[in-house]
Amino acid sequence: MLRDDVRTLWTEPRPPDVPARVWRDWALLAAGLGGAVLEAALREDVVWRPVAVVFTVWLCLLPLWRRTRPLATVTLAFGSVTGLQLATLVAAPREPVGLYTGAVVLVLVYALPRWGSGREIVLGGAVILAAGALCSVTDGTAIVEQVVGFVFLLLPGVIGAAVRFRGTARERQLEQVRSREREQLARELHDTVAHHVSAMVIIAQAGRVLADTDPSAAVEALEGLEEEGARTLEEMRAMVATLRDRGVGAELAPPAGVADLERLVRTPRGRLKVDLRLDGELDALPPAVDAAVYRIVQESVTNALRHAVDATELVVRVAAERHTVSVSVRDNGRRTGRGRDGYGLTGLRERATLLGGMLRAGPGIDRGWHVEAELPRARSESGVHSRARR
C-alpha cells in the first residue's frame, strides 16, 4: 500500500494551465528588493554587507520562475543557502550572514508542492530538508529551536499542498458533473435515434407492402425512409461527438421539455412568483435542445429558491428565433457567498457547449441573478414525423 502511494506521488503530473507570471509576482519582487535596500541602508549589524545584499537580491529574483520551474528554483535557492552556510563555517563571522528579507525563500517552499510534479516535490523536498538540517546542525541551536525552525520552514509547503489538493478535488468534482451531463445528453440522443429507427422500420414495411399494388406510394415511402435516415445519421453524429467512447444508457423515457415548463412553474413556489413567457415556434425543437431548455429553467428556478435572499419574483423568458433559442431567467433577490458557479450551472454550461451554444450566469447590474443561454435550433422534424405516422 505504501509503495503504491509513493509510486502515485512520484508519477503525479504538474497542474494544468499554470500561469507563468501574474501581477503578484512583480509586487513580491518590488517588496523584496525594497526590503533589501532598506535593510542594507539602515541596519548596522549586517555581516558581509555586499555579499548579503547580492544573496538577498538573488533570492528575490528566483520566485519569478517558481510556477514554471519549481524544482530548479528550490535547488538554486537552497543550494545557495547551503553554500553560504558552508562559507560562514570557514570564515567564522561573529553574526549570521544575510538579511531578514531572505525569508522570501519560503515562497519557493510553498510553490514546490503547489505547482510541481510528484517527482519535483520529492526531489525538491529532499533539497529543502538537507539544507535545513545543515543549517540547524552548524548553527548549534537548541533542539527546541531546531524543531520550531523546521516547522516554520515546512509550513508553507503544507499550505501549498493543501491548496493544491483542494483545487484538484474541486476540478475532479467538476469533471464528474460534466461527465454526468454528457451521459444524460447522450441518453436523450439515444432515445431520439431509437425513435427514428423505429419510424424507418415502419416506413420500410409499408413500402414493401405497397410496392406491388401502388408503386407511387412505395416511392413516397422510400423518400420518407431517406429523410428519416438522414435525420438518424445527424443525431448519431451528435451522439458520437458528445460521448466518443463513453457508455450510453438505454432508458427510453422521454425527457421533459418546453411543453412541461407550465407545469414546472405552477408547482407551489412559496414566496417566489414565477412569470413565464414563451415566444415563437417552440413545439418543433430537436429533443436535445428541448430538454436543455427545460433543464436550464429548472436549475435556475431551484437556485433562485435556495440562494436568492429577499427575492419576490422570477422572470423566465424562452424565445425561439429562426436559427436559435434564447433562454433568460432573472430574479430580483440578493445573493450570499462569493457567487461562484455551483455544480448545477457547470453541468448546464457543459450541455450548452456540447449542443453548440453558450450559457452565462452572474449577478445583475443592480441586484438579482441572471442566467442567459442561447442554443442553436436545428431544422424542424415535423415533416419527418408526419411521414412516419402514415
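In terms of our numbering, the sequence shown opens at residue 79 and continues consecutively.
From the three backbone atoms N, C-alpha and C, an ideal C-beta is built for every residue, glycine too.
So what does DSSP say about residue i, is it helix, strand or coil?
| i | result |
| --- | --- |
| residue 356 | strand |
| residue 401 | coil |
| residue 428 | helix |
| residue 177 | coil |
| residue 454 | strand |
| residue 395 | strand |
| residue 325 | The predicted model places residue 325 with a pLDDT of 42, which falls under 50 and marks its position as unreliable, so this point remains unresolved. |
| residue 86 | helix |
Are the beta-carbon atoms belonging to residue i and residue j less than 9 Å from one another?
| i | j | result |
| --- | --- | --- |
| residue 255 | residue 428 | yes |
| residue 423 | residue 433 | no |
| residue 410 | residue 446 | yes |
| residue 179 | residue 114 | yes |
| residue 202 | residue 153 | yes |
| residue 369 | residue 425 | no |
| residue 193 | residue 250 | no |
| residue 228 | residue 214 | yes |
| residue 151 | residue 189 | yes |
| residue 444 | residue 391 | no |
| residue 387 | residue 412 | yes |
| residue 142 | residue 116 | no |
| residue 124 | residue 118 | yes |
| residue 455 | residue 364 | yes |
Please list, in chain order, all residues of the same chain as residue i whose beta carbon is under 7 Å from its beta carbon, the five residues on each side excluded.
| i | result |
| --- | --- |
| residue 442 | 408, 448 |
| residue 191 | 199, 235, 238, 239, 242 |
| residue 195 | 90, 91, 92 |
| residue 452 | 402, 404, 435, 436 |
| residue 155 | 137, 140, 183, 186 |
| residue 216 | 163, 167 |
Could you tell me which residues DSSP pairs with residue i in its beta bridges?
| i | result |
| --- | --- |
| residue 440 | 448 |
| residue 412 | 387 |
| residue 407 | 394, 449 |
Could you give the C-beta distance for residue i and residue j, rounded to a whole number, given that I count them as a contact under 8 Å?
| i | j | result |
| --- | --- | --- |
| residue 176 | residue 130 | 5 Å |
| residue 340 | residue 406 | Contact doesn't hold; Cβ gap of about 17 Å is too wide. |
| residue 355 | residue 395 | 5 Å |
| residue 350 | residue 389 | 6 Å |
Short of 6 Å in beta carbon distance, which residues of its chain neighbour residue i, apart from the five on each side in sequence? Order them along the chain.
| i | result |
| --- | --- |
| residue 487 | The structure shown has nothing for residue 487, since the chain only spans 79 to 468. |
| residue 374 | 405, 426, 451 |
Going by beta carbon distance, what residues of the same chain come within less than 8 Å of residue i, once the five residues before and after it are set aside?
| i | result |
| --- | --- |
| residue 246 | 93 |
| residue 96 | 145, 146, 193 |
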